[in-house]
Each structure stands twice: as structure tokens, then as C-alpha cells.
Amino acid sequence: MTPPDKSTTKADFWGQHILQWRAAQQTQVSYCREHNLNFHQFNYW
């Protein structure tokens, strides 16, 4: 997924990733690696 742009808030961006992570039944680390996300930022949200 691409980084948030002006039309997408950070909360929307990370919220969508949280929903997708839950549906994927992966660990947070593996999801973040697969989607090139910073684990610490992901964990914050």
C-alpha cells in the first residue's frame, strides 16, 4: 500500500492496514515486512 496522501489521513491509512492485518491472520512483523511498513509505527496505531 502506498503512503498516505493529502486525501487520506494517517489514521485512515493505518486503520486500513490494521483491518487487513487482522483479516490476514499474520503476525504483525510478517505483515509489516510484506507491506514494507515500519513495525514501530504500525504498533503505535
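According to the numbering used here, the stretch in the sequence shown is residues 4 to 48, in order.
Don't be surprised by glycine CBs; every beta carbon is placed ideally from N, CA and C.
Coarse secondary structure for Q23, derived from DSSP in three states: Reading the sequence shown from its first residue, position 20 is the one you call residue 23. Note: Q23 maps to helix in three-state DSSP.
Supposed close pair Q31, N46 - CB separation, criterion 8 Å: Here residue 31 corresponds to residue number 28 of the sequence shown, with the count starting at 1. Here residue 46 corresponds to residue number 43 of the sequence shown, with the count starting at 1. At roughly 7 Å, the Cβ-Cβ gap stays under 8 Å, so Q31 and N46 are in contact.
Exposure of W24, with buried meaning 16 or more beta-carbon neighbours within 10 Å: For this step, residue 24 is matched to residue 21 along the sequence shown. W24 sits buried, since 16 or more C-beta atoms from the chains shown fall within 10 Å of its C-beta.
Under the three-state DSSP convention, the category Q31 falls into: Here residue 31 corresponds to residue number 28 of the sequence shown, with the count starting at 1. Secondary structure at Q31: helix, using DSSP grouped into helix, strand and coil.
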